[in-house]
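First comes the structure, then the notes that go with it.
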Amino acid sequence: MARSKKETIFANKFLPPHSTAEGVSRYLEEAIICGDLKPGSRLIERDLAETLGVSRIPIREAFRILEIGGLVKTVPRRGAQVTAIHRQEVEDIFTIRANLIGLAAKLAARNAAEKDILRLSQITQDMVEKAKSKNLRSYFRLNVKFHALLGQASGNNHLATILENLGKQTFRFRYLSLSLPGRIQQTLKNHRRLIGVIRARKEGEAEKIARGNIEEAKEILLQYISAHPEFFHPG
Numbered sequence: 035m036a037r038s039k040k041e042t043i044f045a046n047k048f049l050p051p052h053s054t055a056e057g058v059s060r061y062l063e064e065a066i067i068c069g070d071l072k073p074g075s076r077l078i079e080r081d082l083a084e085t086l087g088v089s090r091i092p093i094r095e096a097f098r099i100l101e102i103g104g105l106v107k108t109v110p111r112r113g114a115q116v117t118a119i120h121r122q123e124v125e126d127i128f129t130i131r132a133n134l135i136g137l138a139a140k141l142a143a144r145n146a147a148e149k150d151i152l153r154l155s156q157i158t159q160d161m162v163e164k165a166k167s168k169n170l171r172s173y174f175r176l177n178v179k180f181h182a183l184l185g186q187a188s189g190n191n192h193l194a195t196i197l198e199n200l201g202k203q204t205f206r207f208r209y210l211s212l213s214l215p216g217r218i219q220q221t222l223k224n225h226r227r228l229i230g231v232i233r234a235r236k237e238g239e240a241e242k243i244a245r246g247n248i249e250e251a252k253e254i255l256l257q258y259i260s261a262h263p264e265f266f267h268p269g
């Protein structure tokens, strides 16, 4: 699992050395989000310290950081482990996100500057290239950027901040959703349609497309959860 340098899904740069708690937490965060560490996997301090070449102190601090983010929990007499994905959590968070993204798209159709629309188009084109090369991690990174820019293009800074904070809680769900068959191509199709109606200043259509894209992702993910109960919590 370990590498001396690791490109994250969040930025086009390498992590700092894993000697810091931040470096360790970001390394483990990516492993959890991208499915290298499955729900329920035990995180053993000794093994991780040896693998990453660090002491146990930054490992423990990293666990605390990840616990705050909901990716890790500490179980008495068992230590740290990757949290389960709860079906109800997926339903609740995606429902909230669908409505907020819909609102952001509606406001973007009203307020977005031409430079914002061009940037959304460029990100989508970059996503096409990553899809061709089957680079899911880079594709996901661009997808995160697309939705962050959509929030900014809404012209509502509070909405953009709420979306950013909520987005961090959904990374694991969203990555899994994009890894499922046909989802990448459908996402690209929806992005192109969304950009078109934003450019045409069609607020209602923009809201409908953006909200529908998230709702589609939710339904596909819930179907996957039902088919793979061994990895998920039923509650």
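Take this note's numbering: the final residue in the sequence shown is number 269, and no numbers are missing along the way.
Beta carbons: idealized from backbone N, C-alpha and C, even for Gly.
How would you call ILE66, buried or exposed, if buried means at least 16 neighbouring beta carbons within 10 angstroms?
Locating residue 66 in the sequence shown gives position 32, counting from the first residue. ILE66 comes out buried.
Which class does GLY136 belong to by DSSP, given the choice of helix, strand or coil?
For the purposes of this step, residue 136 is identified with residue 102 of the sequence shown, where counting begins at 1. Helix at GLY136.
Considering only the alpha carbon of each residue, which of VAL106, ILE135, ASN191 and PRO73 lies closest to ALA251?
In the sequence shown, the residue the question calls residue 251 occupies position 217. Closest by alpha carbon: ILE135.
Cα-Cα, which of ALA147, THR195 and PHE97 is closest to GLY113?
Within the sequence shown, residue 113 is the residue found at index 79, counting from 1. Selected option, being the one with the closest Cα: PHE97.
Among LEU193, THR221, LEU170 and ILE229, which has the Cα closest to the Cα of SER213?
Locating residue 213 in the sequence shown gives position 179, counting from the first residue. Out of LEU193, THR221, LEU170 and ILE229, LEU170 has the C-alpha closest to the C-alpha of SER213.
By the three-class DSSP mapping on this structure, what secondary structure does LEU214 have?
Here the question's residue 214 lines up with position 180 in the sequence shown. Here LEU214 sits in coil by DSSP.
For PRO215 and THR230, the rounded distance between their alpha carbons
Here residue 230 refers to the residue found at position 196 of the sequence shown. Here residue 215 refers to the residue found at position 181 of the sequence shown. Checking the sequence shown, residue 230 turns out to be Gly, not Thr. Computed Cα separation, rounded: 25 Å.
Apart from the five residues on each side of it in sequence, which residues of its chain come closer than 8 Å, Cβ to Cβ, to LEU222?
As a position in the sequence shown, residue 222 is number 188, starting the count at 1. Counting only Cβ-Cβ distances below 8 Å, and skipping sequence neighbours, we find THR158, MET161, VAL162 and ALA165.
Mind reading off the beta-carbon distance from GLN203 to ALA194? Whole number of angstroms is fine, and I expect it under 8 Å.
As a position in the sequence shown, residue 203 is number 169, starting the count at 1. As a position in the sequence shown, residue 194 is number 160, starting the count at 1. That pair is no contact at about 16 Å.
Touch test, the stretch 118 to 128 against the stretch 75 to 86, Cβ-Cβ under 8 Å, three pairs minimum:
no
Apart from the five residues on each side of it in sequence, which residues of its chain come closer than 7 Å, Cβ to Cβ, to ALA143?
Taking the sequence shown and counting its residues from 1, the one referred to as residue 143 is at position 109. Same-chain partners within the cutoff: VAL231, ILE232, ARG235, LYS236, GLU237 and ALA240.
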